[in-house]
Every structure is written in structure tokens, then in C-alpha cells.
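Numbering (this note's numbering), first residue to last: 1172 to 1980. Ideal Cβ positions, reconstructed from N, Cα and C, are used throughout, including at glycine. Bear in mind that the values here come from a model prediction, so they are computed numbers and not experimental data.
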């Protein structure tokens, strides 16, 4: 039987060979795309499983009074910080050995000695092509080698290991003692975020691919059923028919799987150059595992055989079962119940849950909606066909409507996967405008080229961190030192400001520390001295009270929080200088200096960090800044090259007060969040576009098989006088109606849920979100390609309906 099955599959004429080639090509396309998804996800997982040396923690000194430079056989000084160049973050690790067995960070043969550094390949190339005063001067010494792949997450990552003398490194803030380098997996704040995005993308995209593979293996099922029924008539048993059908399905699916693996290997270099999650992976990681290859080689042929056997259930009834087909019962309206239940559960969870439990509350509604869409799809297709037959007249419309009404399940099957992808894609695309709006304020563009550098505050340190920088040190009860100063000392601050003002085209705005006796609040923590702030609006500190506006109520700013006059105040600014950057606010007329609330300038929420820090209600302050510490400095530079020169100057000349985070423009901070949103949007667009194209392929495959199965009826219709153009129109309507109906239902459902979510979670008055133009362009391009694939099958109809094809076999 196996030999007969192979012979019937490979040597049964042109029709069988064409069916085999088309099925193998469709399966190959699906397998190649599945491998691409698996390869990218495996690269993502492998990258996040790399040792996160950046998470290395400090060890305590032997005694409370031990100096930070106390020798230790396996101890070193460690100072991890970052700097920025043209919006790209560079990780900087400063090292100094305190003993002969000091641990070595990954990717290098040994610790760099003082005056030497190792750079990642991407940074080394950047240093070779960039003037030293814009970048290279930030890393003292000479490059002695490159950092290996073990320490990097991708070929474009910028990392540098810099060697220092112990005493020199001990003088820098945030320096710690280390005896073990962290080896745990990456703990990026976006890791789980992108893992969830991959999961959603897999759900949205893998199902259409599986539908395509399933549709391909069922190609010309009716013609094969007729052949198998004929074999039953000459004495073949049901078991023998199952073997022949399984061999047919396995051969075509296995051929397609092998071809798909070869196709994937051809495009893998291009895939390695992409950066779906914002970071380019090493090409060696963008490769599915051996288990993935084996699983596809086994699962796809087995699934194809199972689908083929299921399609033979009518042949098993009797040898003449194929000739006695009856119209299946139409789908009932109750198929739409799961979809309605899912929408109700989603809206209920949205209205009754808080922000911390929102995801958990919405998952049941989303999952049931995802199940309800394919369940209710056949009923919706039947209703669309009925509406089409009632509203549009003509023979082509009648033919298409009757065909769809006869078996709406089969018509919907080819676009079932499309529904899931378009629903999830539209849901995310509808939410993205609301998410992006949280990072946009009118001041973003104005402050795009304004550089902010904030200086060290105290008290923040204990005995393992240097505490002699920034001012006088006071003894703490446990013997460790405490920093009393709140920024650069007055003399050092004045010198820094003079040097900054010497740069051509630079607008310099200093921010001074408000003396403790003059304000109601305490100084904020230094950058990098504590855990990073969570995304969201800044919360006023203890003791903050609203200032009264003209109507006696609190002053409100643009993002809903109280204005700069609400306190507590921790800064003093010169009104004439801050007026040079209008987005930062304007003092009352005649006031020379005011107290300001500037903690929002360094907030990680762009909505806060780009709002005004002074206004007409800001309390007046003394204009004598000679005795005040320099808390921060804002420098506006229009020329990008000069901006990097200024940043390099601040990095090198104000290093003694830096606390780990590099000077950064407000535009760069905003783009960090905008980039994440753009990545999500890009992934959504890719999923929607490819899914629409896959749906078009599925429809084209299904349509081709349908044409082969109906070539005799179509030939008889042409003999009876039906114009071939009418047949073309009928086929196009038959193919595009399920595609259009599925796309419309999925898109409308996803958009309504996205709009409800944005309005419910946004502040009062939040407008209904509208997906961006990219989403509509992607949907349009996908539909056009899908229609082109469907139209490509129409010439085939003219050839198979020639009069000579009207014969009986």
C-alpha cells in the first residue's frame, strides 16, 4: 500500500504533480515563516539568558572603618555608569584591581590596567570615526583590545571597560568593592514586556500559518475523495485508503517542510540583520534549535496526514458516499455567543479592576474573544452571503452567495487565522496613540536639544562608597562618612559655568540648591543613588501643599499635577537666564530670582520632565548665587557636533560630581519611551501585514483547489453560454467576501475594545484614539497583496474551463 500510495502521488499525471508542487510550496512558505519566528524568539531568549554583569553588587568592608581601597586577594573597585552619544547609550565600566585574583568581567582576557581600556567592536568603530573631543576624551587612556560577544547582547551594543588607579577610582561617586561578578540572566525592565509581545505575536501569526498549511494539505480534497471512492468500488478497504491518503499527505508536507527549511536558511542572514526588539542579535543566535527543526519535520507531516484522514470521513461511509453529498446545516446564531461573552468580560474587567490588576482582569475577556471570533466566523460569513444576495443582483453575485451559503465553514476556514491577527493588531494599534500621547507634550520639541546634567546630592553613602566628593564630610554614628553638600561647591560651580558659556552657541541655565533654611523640602536623591523611578507622574514629597490660584483653588499644570508653585522647593533659578528657554516657564514681572521645584526635570516620565518649573506664582528668592551649590545645569546647543563636545566636557570636567547617569537631552529621554512604542507598533504592523498576505495565500490555495474541483461544472456553464467574465466575478466575490468580512469584524471588535480601554484608563476628557496612518497603510497594503494573489488564480480558470474539459472520466 505504501508503494502504491507513492506511485499515485508521484506518477498520476500533471494534475497530481501540480497539486504536489502547490501543496509543497504553500507548506514551505508556512514553515519558513514559522522558523523565522522561532529563530527570533530563540535569539531573544538566548540574549536574555546571558550573564548580566551589569547587575554586580557590592560587598561590605571588613570593618566599618575600612577604607574602600583596602587590599583583598579577590577584590576590585567597580564603577558602572553610562554616557550618551547621538542618542545611543554607552555602558561604561571603570575597574581597578585590589588583589591578584580580582574577578575579570566577561569578554576580555584580563582587567585593563590604569590608562588602558577595552571597547566593544561597535564602539571601537565609532571611536575611529569620531573626533576625540566629541567622544574619545570621555575614556582616558589607550584602547588595548575589544570586548568579546560573551559580554554583549548584540553586535551594535556600545560598551567600554576602563582601567584606573585604585585611589583615582575611589574618588568617584558610586564606586563599590566587588569580589564576584554577577552571572544571572538579564533583568532588563523591558524583558517581560517583549516576551509578552512575542507571545501575542505568536498567537496572532502562528495560527494563520497553521491555517495555510492545513489548507494546502487539503488541496483538491474533493478530487482525491472521488479517486479514493473509485478504489473502494474495486475492493480497497478503508484501512488501505487511509494508508494511501496518508502517504499522499506526508509526501507533500514533508517535501514542503524540507523546502521551507532551505528557504529559511537562505533568508536567515537578512533576518539576523533585523532588530524587531530594537537590538540586533548576533547572527549565530538567530537559528532555531535542533529540537525546533525535528519538531517541524515530524509535526507538520503528521498534522497533514491527520487532516487528510479527517477529510475522508465521508468516503468511509460507503464507496458511493462522495456522490451523495448533501448541504450541511447552516451555522446557528448561537455561534456568536462566545464572542459576545468575551467582549462583555473584557469591558467588565476594564471597569472593575485597578491599574495593578488590569492585565489579570482583561486576560479572560481577550482569550474568550479570541476563541469566539473563529467560532462565530462561519455564522458571520453566512449572514454576509445572505446580505450580499439580497442587496446585489446579477448572476455572478448569485453564484458566489449560493456557494458561500452552501458551506460557510469551508469559506471561513481559509481566513480564520487572519481574524486573530487583525483583532490583536487593531487592539494594540488603537492603544498606541494613547500610549504615545503620554510621552508627548508641547515642550518636547522646544527642549529637544537641551542637555541636562544633575550633580550629586547627599547624604547617600556608607563606608563602601566614596564620600569625600562634593563638599565637607561629616562623621556618621557608625563611623562612615556622609556628604553634606547638595551639588558642586560654589567655586567649582562658577568655574564650570564660565567654561560652558565659552562654547559657541551654548545657552547655559544654572540651577542652584536652595539652602535648607530657605525651603520646606529636602533635597532629592542623586541620580543613580537609589532605585529608578517607576514610569508615571511625579508625586509631591511630604509636606507639599497646593498653592492657591486666582480663583482660590490649586494651580494645575498641563498634565494635571499641581503647578510649580505648590512646593516643596529645592532649587533657585535666575529669571533672566531661565527665560532663555521658554518651555521652562516665566517668572512674574520684576522678579530676578525664584524658588523652583526642579525635581521633575530628571523624572523618567517625559510628561513631567518637560513641563514648566517656574511660573507667575513661584516665590521670590535672593539673586545672590555666590554662596549656593550648583545643583544642575541646562545647556541648549543647536549644533549636534557642539552638543557632543559639551557633553564630553561635562563628562570629563564634572566627573567628580557625577552619580552614574550621563548628561542627556530631553529629546533623548523622550525618544527612549517613544522608541519602545515604535517597536511595538512595528511588530504589530509586521504581524498584520504578513497575516494578511498569508490569508491571501490561503485563499489563493483554497481557490485554486476549488477551481480544480469544479472545472467540469464551470466548463458546462461556459458551454451553456455563461460568459467567462461572469465566472471571474463570481470567483472574486467568493474569495474576497470572507476576507473582507473577517477583516472588518476583527478590526471593529479590536478597535472598540481599544477605544474603551483608552477612555477608561486615560484622564477625564481623553479623546477616542485613532490608529496611526502606518496601521491603515499596512492594512491597505496587505489587502492589496492578498487581492493580487487571489486575482493571480483567475487565468487558471480560463484554461480549465475549455470545452474539451467538459468530458466525464
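For the putative contact between residue 1782 and residue 1771, defined by C-beta atoms under 8 Å, what is the C-beta separation to the nearest angstrom? Position 611 of the chain shown, counting from 1, holds the residue named residue 1782. Position 600 of the chain shown, counting from 1, holds the residue named residue 1771. With 8 Å as the limit, residue 1782 and residue 1771 qualify as a contact, their Cβ atoms being about 6 Å apart.
| Mapping DSSP to helix, strand and coil, what is residue 1225? | Your numbering for residue 1225 matches position 54 in the chain shown. Helix.
| request: Please work out which residues of its chain come closer than 6 Å, Cβ to Cβ, to residue 1343, disregarding the five sequence neighbours upstream and downstream, and give them in chain order. | output: Within the chain shown, numbered from 1, the residue matching residue 1343 stands at position 172. So the qualifying residues of the chain are 1250.
Cβ contact check for the region 1499-1515 and the region 1883-1900: 3 or more pairs under 8 Å
no
* To do: Spatial neighbours of residue 1269 within its chain, please: CB distance less than 8 Å, with the 5 preceding and 5 following residues excluded, ordered by chain position.
  => For the purposes of this step, residue 1269 is identified with residue 98 of the chain shown, where counting begins at 1. Within the same chain, residue 1269 has close Cβ partners 1240, 1241, 1242, 1243, 1246, 1247, 1248, 1337 and 1348.
Quick one: give me the first and last residue of the alpha helix (DSSP H) that residue 1882 is part of. One-based indexing of the chain shown puts residue 1882 at position 711. Looking at the DSSP string, the run of the alpha helix (DSSP H) that includes residue 1882 is 1882-1890.
(message) Quick check on the burial criterion: 16 or more other C-beta atoms within 10 angstroms. Buried or exposed for residue 1534?
(response) The sequence position of residue 1534 within the chain shown is 363, counting from 1. Looking at its Cβ environment, which holds fewer than 16 other Cβ atoms inside 10 Å, residue 1534 is exposed.
Q.
Bridge partners for residue 1250 per DSSP, in chain order?
A. Locating residue 1250 in the chain shown gives position 79, where the first residue counts as 1. Per DSSP, 1265.
**Asked** Is the region 1278-1295 touching the region 1325-1337, taking contact as three or more C-beta pairs under 8 Å?
**Response** With the cut-off at 8 Å, the region 1278-1295 and the region 1325-1337 touch.
| said: Alpha carbons only, please: which of 1923, 1194 and 1536 is nearest the one belonging to residue 1941? | reply: Stepping through the chain shown from its first residue, residue 1941 is reached at position 770. The candidate whose alpha carbon is nearest that of residue 1941 is 1923.
Can you look up residue 1624 in the DSSP assignment and give me helix, strand or coil?
Along the chain shown, read from residue 1 onward, the residue named residue 1624 stands at position 453. Secondary structure at residue 1624: strand, using DSSP grouped into helix, strand and coil.
Neighbourhood of residue 1258 by C-beta, 7 Å cutoff - its chain only, sequence neighbours within 5 removed:
One-based indexing of the chain shown puts residue 1258 at position 87. Same-chain partners within the cutoff: 1839 and 1842.
- Message: Could you compute how far the alpha carbon of residue 1792 sits from the alpha carbon of residue 1950?
- Response: The residue you call residue 1792 lines up with position 621 of the chain shown. The residue you call residue 1950 lines up with position 779 of the chain shown. Whole-angstrom Cα-Cα distance: 58 Å.
ask   = Start and end of the beta strand (DSSP E) containing residue 1317?
value = Locating residue 1317 in the chain shown gives position 146, where the first residue counts as 1. Start and end: 1313-1317.
* Apart from the five residues on each side of it in sequence, which residues of its chain come closer than 7 Å, Cβ to Cβ, to residue 1468? -> The sequence position of residue 1468 within the chain shown is 297, counting from 1. Taken in chain order, the residues that qualify are 1428.
field: Contacts around residue 1574, its chain only, beta-carbon distance under 7 Å, and the 5 residues preceding and following it disregarded
entry: Against the chain shown, residue 1574 aligns to sequence position 403. Excluding sequence neighbours, residue 1574 sits near 1905.
Contacts around residue 1570, its chain only, beta-carbon distance under 7 Å, and the 5 residues preceding and following it disregarded:
Locating residue 1570 in the chain shown gives position 399, counting from the first residue. If we look at residue 1570 and ignore the five residues flanking it on each side, its Cβ neighbours are 1901.
> Are there three or more Cβ pairs, one per stretch, closer than 8 Å when the region 1554-1567 is compared with the region 1868-1887?
Replying inline: no
Residues in the same chain with beta-carbon distance under 6 Å from residue 1442, minus the five sequence neighbours each way, listed in chain order, please. Position 271 of the chain shown, counting from 1, holds the residue named residue 1442. Result list for residue 1442: 1207 and 1457, in chain order.
Looking at residue 1305 and residue 1819, is the spacing between their C-beta atoms short of 8 Å? Numbered from 1 along the chain shown, position 648 holds the residue referred to as residue 1819. Numbered from 1 along the chain shown, position 134 holds the residue referred to as residue 1305. Yes, they are a contact pair.
Discussion item. So if DSSP puts residue 1287 in a beta bridge, which residue, or which two residues, is it bridged to?
Written reply: Against the chain shown, residue 1287 aligns to sequence position 116. Residue 1287 pairs with 1313.
_Given this structure, state the Cα-to-Cα distance separating residue 1505 from residue 1874, to the nearest angstrom._
The sequence position of residue 1505 within the chain shown is 334, counting from 1. The sequence position of residue 1874 within the chain shown is 703, counting from 1. Their backbone Cα atoms lie some 29 Å apart in a straight line.
For this session: Look up residue 1411 in the DSSP assignment and give the residues it is bridged to.
Result: Position 240 of the chain shown, counted from the first residue, corresponds to residue 1411. DSSP output for residue 1411 lists no bridge partner at all.
Using the three-state DSSP reduction, which class does residue 1728 fall into: helix, strand or coil?
Translated into the one-based positions of the chain shown, residue 1728 becomes position 557. Since pLDDT at residue 1728 reaches only 35, below the 50 mark, its modelled position is unreliable, and the value read off the structure follows with that caveat. In the three-state reduction of the DSSP assignment, residue 1728 falls in the coil class, being assigned neither a helical nor a strand state.
Q. Which residue or residues does DSSP assign as beta-bridge partners of residue 1349?
A. Counted from its first residue, the chain shown places residue 1349 at position 178. 1247, per the DSSP bridge assignment.
Note to self: Can you tell me whether residue 1334 is helix, strand or coil according to DSSP?
What the structure shows: As a working mapping, residue 1334 is identified with position 163 in the chain shown. In the three-state reduction of the DSSP assignment, residue 1334 falls in the strand class, which pools E and B.
For residue 1275, which three-state DSSP category applies?
-> Locating residue 1275 in the chain shown gives position 104, where the first residue counts as 1. Three-state DSSP puts residue 1275 in coil, outside helix and strand.
Exercise. Helix, strand or coil for residue 1767, going by three-state DSSP, please let me know.
Key: Residue 1767 sits at position 596 when you count from the first residue of the chain shown. Residue 1767 falls in the strand class under three-state DSSP.
Check residue 1463 in the structure and name its three-state DSSP category. For the purposes of this step, residue 1463 is identified with residue 292 of the chain shown, where counting begins at 1. It is helical.
Neighbour flag for residue 1839 against chain B, beta carbons, 8 Å: The structure shown contains no chain B, having only a single protein chain.
Problem - Residues near residue 1189 in its chain [Cβ-Cβ closer than 7 Å; skip 5 each side] - result: The residue you call residue 1189 lines up with position 18 of the chain shown. Here the set comprises nothing.
If the criterion is Cβ atoms closer than 8 Å, does the pair residue 1681 and residue 1787 meet it?
Here the question's residue 1681 lines up with position 510 in the chain shown. Here the question's residue 1787 lines up with position 616 in the chain shown. No, the Cβ-Cβ distance between residue 1681 and residue 1787 is not below 8 Å.
What separation, rounded to the nearest whole angstrom, lies between the Cα atoms of residue 1523 and residue 1547?
To locate residue 1523, count along the chain shown from 1; it is residue 352. To locate residue 1547, count along the chain shown from 1; it is residue 376. Residue 1523 and residue 1547: Cα-Cα distance of roughly 27 Å.
Spatial neighbours of residue 1238 in its chain, beta-carbon cut-off 6 Å, leaving aside the 5 residues before and after: For the purposes of this step, residue 1238 is taken as the residue at position 67 of the chain shown. Cβ neighbours of residue 1238 beyond the five flanking positions: none.
Where residue 1509 falls: helix, strand or coil (DSSP) | In the chain shown, the residue the question calls residue 1509 occupies position 338. Note: residue 1509 maps to helix in three-state DSSP.
Review point. If you compare alpha carbons, which of 1601, 1225, 1909 and 1861 is closest to residue 1919?
Key: Within the chain shown, numbered from 1, the residue matching residue 1919 stands at position 748. Out of 1601, 1225, 1909 and 1861, 1601 has the C-alpha closest to the C-alpha of residue 1919.
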